[in-house]
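Please read the structure below before turning to the comments.
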Amino acid sequence: MAQPAGNAVHRRLSGRAALSPVTAAQPGGENPVKRPADTRVIVGLSGGVDSAVAALQLLEQGFQVEGLFMKNWDEDDAAGHCPAAEDLADAEAVAERLGMKLHKVNFSAEYWDRVFEYFLAEYRAGRTPNPDVLCNREIKFRAFLDHALSLGADGIATGHYARIDSTSGGVRLLKGVDANKDQSYFLYLLTQEQLSHSRFPLGGMHKDEVRARARRAGFPNHAKKDSTGICFIGERRFNTFLKQYLPAQPGEIVDETGRVLGEHQGLMYHTIGQRQGLGIGGRADSSGAPWYVADKDLEHNRLLVVQGGNHPRLLHTGLTLTRLHWINGPAPGQPLACSARIRYRQSDQPCLLEPLDGQHWQVRFDSAQRAVTPGQAVVFYQGEECLGGGTIENRFNT
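Set out below in structure tokens:
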């Protein structure tokens, strides 16, 4: 049975009027902005509710819309687990519902080379990486974007909760209006070129609106749970996955005095601020307060733990960072008062960003931050704008 035309589907789908997207700037400003009816956009359809509604929004706004399902992990690898078949089926159902063409592409090799090898290297070095940030830059907004442009598309769209503004020179990345779902933190590595070809139709919506919109549209995945964690690990225990690729070296768990409290199975299995899974709770010779990971001693393969979530060893007023990426213009060469986040969903923390040399910067916070973690991203903001960010290298107190 032939699929109905996409626009015909939307005329019979109930729901509120679509939000107007922020128009993406044309590269170099050489061409006038196209009308939606003349603009071909390929939406990354993951099989989830967010990307489905993103496609619906664009179709209702009059764009030429197609979908693309990307496979980023090879389940044939015995150590990997990603429910790609189920996600593909959901993406196909949404595309059929919308009368929309669905492309399918395998980026597993690119993911391994550009994201996963970095992920392993960071764990070998004793840091805790954030592969989602690199995946966005290298896969969703590079491999996917390049593929879409090769198909003749004008740009891509995703279901990220963020916004784009190109009205004041350059392209600015803005927070999504839903503070609980804002994903600008994960997008700080995007370039002007990548943003100028991208659209975020959900940036002006709240999650409950998105689910309601999907339900009214009759999407079979309207109640599907949001994906959590790292795709290639899936539902399995992190330790079980990681030891398939990195040899574990057991060592001592010690307190501040050097007293041995237990044994860890590998420093790579632990992160700063971690409370669960240490195996040293309920000791008769302790205060009874929970134990937290405060530091890793790579030289002696020791895990340092302290008691109490607000222990001084867990709090730092500053950090140093490297690999700073600035979204719009050059990175600041002078101290800049702004705000920062050192983890997803953290509230903006007032700080001063200062250059140290051409490769390193430091951040001084107005108030001490808990569990500053080397390898994680620190992302900078001024108001609604995401300025850029970098990788935490170390932390300090002033």
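Quick note: the working numbering has the sequence shown finishing at residue 401, numbered continuously throughout. Glycine included, each C-beta is placed from N, C-alpha and C at the ideal position.
DSSP three-state assignment for Lys184, whether helix, strand or coil
Coil at Lys184, not helix or strand.
Which of helix, strand or coil does DSSP assign to Ser290?
Coil.
Measuring alpha carbon to alpha carbon, tell me which residue in Ala55, Asn304 and Arg316 is nearest Phe203.
Cα-wise, what sits closest to Phe203 is Ala55.
How about the region 123 to 133 and the region 86 to 100: do they share at least three Cβ pairs that are nearer than 8 Å?
Judged by Cβ distances under 8 Å, the region 123 to 133 makes no contact with the region 86 to 100, as fewer than three pairs qualify.
Starting from the Cα of Asp298, find the closest Cα among Gly312, Ile283, Ile330 and His273 and give me that residue.
For Asp298, the nearest C-alpha among the options comes from His273.
Is there a Cβ from chain B that is less than 9 Å from the Cβ of Gln186?
As a matter of chain content, chain B is missing from the structure shown, which is built from one protein chain.
Pairwise C-alpha distance: Leu61 and Ala40:
Linking Ala40 to Leu61 through their CA atoms gives a straight-line distance of about 10 Å.
Have a look at Arg305, Gly276, Arg326 and Trp329 and flag the residue whose alpha-carbon is nearest the alpha-carbon of Gly311.
In terms of CA proximity to Gly311, Gly276 leads the group Arg305, Gly276, Arg326 and Trp329.
Taking a contact to mean a Cβ-Cβ separation below 9 Å, would you say Ala94 touches Gly50 in this structure?
Their beta carbons are under 9 Å apart, which means Ala94 touches Gly50 by this criterion.
Considering Thr243, what are the terminal residues of the beta strand (DSSP E) in which it resides?
Element bounds for Thr243: not the beta strand (DSSP E) but the alpha helix (DSSP H), Phe241 to Leu245.
Could you compute how far the alpha carbon of Asp53 sits from the alpha carbon of Gly265?
Asp53 and Gly265 have their C-alpha atoms spaced approximately 44 Å apart.
Pro353 - containing beta strand (DSSP E), residue span:
Annotation: the continuous beta strand (DSSP E) that includes Pro353 extends over Gln352 to Pro358.
Inter-stretch contact (C-beta, 8 Å, three-pair minimum) for the region 303 to 318 and the region 139 to 156
Not touching, per the Cβ criterion.
Helix, strand or coil: which one does DSSP assign to Asp93?
Helix, per DSSP.
Flag this pair as yes or no: are the beta carbons of His163 and Gly173 separated by less than 9 Å?
Using a Cβ distance threshold of 9 Å, His163 and Gly173 do not count as a contacting pair.
Taking its Cβ as the centre, do 16 or more other Cβ atoms sit within 10 Å of Gly221, making it buried, or is it exposed?
Gly221 is classed as exposed because its beta carbon has fewer than 16 other beta carbons within 10 Å across all chains shown.
Whole angstroms is fine: what's the gap from Asp229's alpha carbon to Gly261's?
Gly261 has its alpha-carbon roughly 42 Å from the corresponding atom of Asp229.
First through last residue of the alpha helix (DSSP H) which encompasses Phe399
Where Phe399 is concerned, there is no enclosing alpha helix (DSSP H), although the beta strand (DSSP E) around it starts and stops at Glu388 to Phe399.
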